[in-house]
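Visitor:
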Amino acid sequence: MGQPSTYSGIIPIGKGIYLSKPKSDVDVESKVAAPTVILLFGWMGARLPHLLKYIKVYDELYPQATKIVIRSEASFFWTIKRRKSAYLAPVVEALEALGCLPPLKSSSVLVRKAAIDSALPPPKPRVLVHTFSNGGSWQLATLSDILADRASSYTHAPLPASALIFDSCPGRAFTGAIRNPLVAATARTLIWLVYLYLSFRQLFLRGPSTIDNMKARLNKEKLLPWFGRRTRRLYVYSTGDEIIPAKEVDRHAEKAREAGLMVTQVRFKDSPHVAHAKVHPEEYWGAVRKMWEEAVEEAELDTGVSGQVKG
Numbered sequence: 009m010g011q012p013s014t015y016s017g018i019i020p021i022g023k024g025i026y027l028s029k030p031k032s033d034v035d036v037e038s039k040v041a042a043p044t045v046i047l048l049f050g051w052m053g054a055r056l057p058h059l060l061k062y063i064k065v066y067d068e069l070y071p072q073a074t075k076i077v078i079r080s081e082a083s084f085f086w087t088i089k090r091r092k093s094a095y096l097a098p099v100v101e102a103l104e105a106l107g108c109l110p111p112l113k114s115s116s117v118l119v120r121k122a123a124i125d126s127a128l129p130p131p132k133p134r135v136l137v138h139t140f141s142n143g144g145s146w147q148l149a150t151l152s153d154i155l156a157d158r159a160s161s162y163t164h165a166p167l168p169a170s171a172l173i174f175d176s177c178p179g180r181a182f183t184g185a186i187r188n189p190l191v192a193a194t195a196r197t198l199i200w201l202v203y204l205y206l207s208f209r210q211l212f213l214r215g216p217s218t219i220d221n222m223k224a225r226l227n228k229e230k231l232l233p234w235f236g237r238r239t240r241r242l243y244v245y246s247t248g249d250e251i252i253p254a255k256e257v258d259r260h261a262e263k264a265r266e267a268g269l270m271v272t273q274v275r276f277k278d279s280p281h282v283a284h285a286k287v288h289p290e291e292y293w294g295a296v297r298k299m300w301e302e303a304v305e306e307a308e309l310d311t312g313v314s315g316q317v318k319g
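Residue numbers (the numbering used here): 9 to 319.
1. Give the range of the alpha helix (DSSP H) segment to which L242 is assigned.
2. Classify Q273 as helix, strand or coil using the three-state DSSP reduction.
3. For the beta strand (DSSP E) containing I251, list its first residue and its last residue.
4. Straight-line CA distance for P147 to D310?
5. Nearest-angstrom Cα distance between L269 and M299?
6. Measuring CB to CB, does V77 end up less than 9 Å from S141?
7. Rounded to the nearest angstrom, what separates E306 and A169 at their Cα positions?
8. W146 by DSSP, collapsed to three states: which one?
9. In the structure shown, what three-state DSSP assignment does P168 receive?
10. My output table needs one value for V137: the three-state DSSP class, helix, strand or coil.
11. Give every residue of the same chain whose Cβ lies closer than 7 Å to the Cβ of V65, excluding the five residues on either side of it in the sequence, and list them in chain order.
12. According to DSSP, is W234 helix, strand or coil?
13. Smallest Cα separation from I21: which of A94, K228, V304?
14. Would you mind reading off the limits of the alpha helix (DSSP H) that contains Y98?
Written as structure tokens, this is what we have:
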């Protein structure tokens, strides 16, 4: 794959945040409505060319979708809350522009008291979220916190089709990666920094750890405003992962299932951390397509809409 600047349609909209516009020259007939927006949260330290490999496949599967790519750097973990919100602000603005979120309510007290109803229909996006490792999971949880007050935009059923993919996450075991000689030195350094930060934070603040809070947030029914109890959640992971043990992912998936969420697990035996699509491409992308088809079918049953569409 070439450098990011040569990739067709990729536009920087913030620091480490990129947007890939729909491929208007591609017309795909499908019986399944495609996602209108795909959010992709990269693993910590992932370079843009690595993430664009996934966007390239999504362009083939769902060319009419707008893709938003969010890179993850170690510095995000210890940045103060206000700066985290500022970092993800371009994502929020893009979601507003794409119709996934209504604009923020006016700060004017008089306007709020007037309780003006919108003349526009409520947004009905079809959003697919794809997050990698703890780095991507942390940013997703942060976006969830930022958008918590927007959930009221989707209080009326039926909800639009939506789905979430956890690739190699979530987990809390950073120490295994630190000790593992197979993990690249650069990656170990980043993980060390995050591990030390979390350890000191836990020591002084007490209470639930930051990782535990993140994992709990990811199991919220309304993780994002357009999510609901029946939003499909797919976990793709491996017993061969030396950074996030499979048992950690199993535990999170089981808690999600206990909470009544719709969970599917695809567990490989040999693929390394965030390399499942590379080692098992057919099974990986087959699981993604199947999950999305189920999400659309569920939404259509709620609305009574079906038929052939262009995706």
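All C-beta atoms, glycine included, are put in the ideal place defined by N, C-alpha and C.
Guide: The answer reads as follows:
1. Numbered from 1 along the sequence shown, position 234 holds the residue referred to as residue 242. For L242, no alpha helix (DSSP H) run applies; the uninterrupted beta strand (DSSP E) run containing it begins and ends at 240-246, by DSSP.
2. One-based indexing of the sequence shown puts residue 273 at position 265. In the structure shown, Q273 sits in a strand (DSSP, three-state: E or B).
3. Position 243 of the sequence shown, counted from the start, is the residue given in the question as residue 251. That residue, I251, is in no beta strand (DSSP E); it is neither H nor E in DSSP.
4. Against the sequence shown, residue 147 aligns to sequence position 139. Against the sequence shown, residue 310 aligns to sequence position 302. The sequence given here has Gln at residue 147, not Pro. If I take the Cα positions, the gap works out to 31 Å.
5. Walking along the sequence shown from the start, residue 269 turns up at place 261. Walking along the sequence shown from the start, residue 299 turns up at place 291. Their Cα atoms are separated by approximately 14 Å.
6. As a working mapping, residue 77 is identified with position 69 in the sequence shown. As a working mapping, residue 141 is identified with position 133 in the sequence shown. With a cutoff of 9 Å on beta-carbon distance, V77 and S141 are scored as not near each other.
7. The count along the sequence shown starts at 1 and reaches residue 306 at position 298. The count along the sequence shown starts at 1 and reaches residue 169 at position 161. Distance between the alpha carbons of E306 and A169 is about 7 Å.
8. Within the sequence shown, numbered from 1, the residue matching residue 146 stands at position 138. Note: W146 maps to helix in three-state DSSP.
9. Numbered from 1 along the sequence shown, position 160 holds the residue referred to as residue 168. Here P168 sits in coil by DSSP.
10. Here residue 137 refers to the residue found at position 129 when the sequence shown is read from its first residue. In the structure shown, V137 sits in a strand (DSSP, three-state: E or B).
11. Within the sequence shown, numbered from 1, the residue matching residue 65 stands at position 57. Cβ within range, chain order: W293.
12. The residue labelled residue 234 in the question sits at position 226 within the sequence shown. Reduced to three states, the DSSP call for W234 is coil.
13. Along the sequence shown, one-based indexing puts residue 21 at 13. Ranking A94, K228, V304 by Cα distance to I21 puts A94 first.
14. Locating residue 98 in the sequence shown gives position 90, counting from the first residue. Residue identity differs from the one stated: residue 98 is Pro in this sequence, not Tyr. Element bounds for P98: 89-105.
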